[in-house]
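What follows is one structure encoded as structure tokens, with my remarks underneath.
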Amino acid sequence: MRIAISGSHSLGKSTLVRDFQAAHPDFQLFDEPYRELFARQERIHFGERASQRCNRLMTQHAIDRINQARLQMPEARVICDRSCLDFIPYSLYARAMGSNEGLPRDERLRTVEVRPDMQEKNDLPFPSDINAAFIEQLWSMILESQALASYDLIAFLPLTGEPGIDPCLENDGIRSVEGAYRAWVDAAFKQLYRHDLPARCPQACRVVEISGGRPERVKSLEEAIGLV
């Protein structure tokens, strides 16, 4: 059983992963690709500063680890913080807000880079090199790798618009805390899971949407994989 928790940032994905694993310690936890790569001294830009290199690196990392889990430990139970698809919505954001293919300058959102050692792109007119061709390359990487077949389930956590359900944005010292950024990426995730993925690869893998408070999310995930 191999599960991924997917969606925009600051929506409780990591909390759900850890709550679920605490209830089911037989599941091995695969941390967010950014955190695993950061531990290897990789420099990863976010938001409109994201680069082809960064998003390709995280996508490939997510592909490799889920395929290795399927091939090398097929009986293992694994829960992943993010799927290999997660970097498509973020690439769409970077293209729209940071590249020379993006929106008109007066329509672009701006985020604050909160990490002191990652400020070098702040004054660039086009801080991202992500373009439409690169996003198609990401799709090709994912589909050709057959990584989606390695997931038994992807659980997508959407924004609901309900203050009692959607987590508050908190400064973790890594990600920007602008609500408009989270909402834009959430809309791109909804487009991906509700429209783009079914159109491109309708039999790729099973996807469910999960919302609610922390106990409700764990219960919904348990129900989705038949543990209750």
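Residues 1 to 228 (this note's numbering) are what the sequence shown spells out, left to right.
Glycine residues also receive a C-beta, built at the ideal position from the N, C-alpha and C atoms.
What is the DSSP secondary structure of residue i, counted as helix, strand or coil?
| i | result |
| --- | --- |
| residue 81 | strand |
| residue 185 | helix |
| residue 36 | helix |
| residue 202 | coil |
| residue 252 | Coverage of the chain is limited to positions 1 through 228, which leaves residue 252 absent and any answer about it impossible. |
| residue 180 | helix |
| residue 43 | coil |
Would you list the residues sitting across from residue i in a DSSP beta bridge?
| i | result |
| --- | --- |
| residue 4 | 80, 154 |
Residue i lies in the beta strand (DSSP E); which residues open and close that run?
| i | result |
| --- | --- |
| residue 27 | 27 to 30 |
| residue 207 | 207 to 209 |
Apart from the five residues on each side of it in sequence, which residues of its chain come closer than 7 Å, Cβ to Cβ, to residue i?
| i | result |
| --- | --- |
| residue 14 | 32, 81 |
| residue 145 | 63, 67 |
| residue 255 | Residue 255 is absent from the structure shown; the chain starts at 1 and stops at 228. |
| residue 209 | 156, 158 |
For the alpha helix (DSSP H) holding residue i, just list the boundary residues, first then last.
| i | result |
| --- | --- |
| residue 218 | 214 to 224 |
| residue 17 | 13 to 23 |
In chain order, what residues of the same chain lie with their CB nearer than 6 Å to the CB of residue i, ignoring the 5 residues before and after it?
| i | result |
| --- | --- |
| residue 27 | 21, 77, 79 |
| residue 4 | 80, 83, 151, 154 |
| residue 170 | none |
| residue 16 | 5, 217 |
| residue 52 | 129, 130, 134 |
| residue 54 | 44, 45 |
| residue 188 | 89, 92 |
In its own chain, which residues sit with a C-beta less than 8 Å from the C-beta of residue i, not counting the 5 before and 5 after it?
| i | result |
| --- | --- |
| residue 176 | 46, 47, 111, 112, 113, 114 |
| residue 234 | In the structure as shown, the chain begins at 1 and stops at 228. Residue 234 is therefore absent and cannot be evaluated. |
| residue 147 | 62, 63, 66, 67, 84 |
Should residue i be flagged as near chain B, meaning a C-beta pair shorter than 8 Å?
| i | result |
| --- | --- |
| residue 212 | Among the protein chains of the structure shown there is no chain B, as only one such chain exists. |
Whole runs of the beta strand (DSSP E) within the segment 120 to 178, excluding any shorter than 3 residues
List check, beta strand (DSSP E) in window: 153 to 156.
- Message: Quick check for students: name the residue ranges of the alpha helix (DSSP H) that lie wholly in the segment 55 to 120, counting only runs of 4 or more.
- Response: Taking only runs of at least 4 residues, the alpha helix (DSSP H) segments lying wholly in the segment 55 to 120 are 87 to 98.
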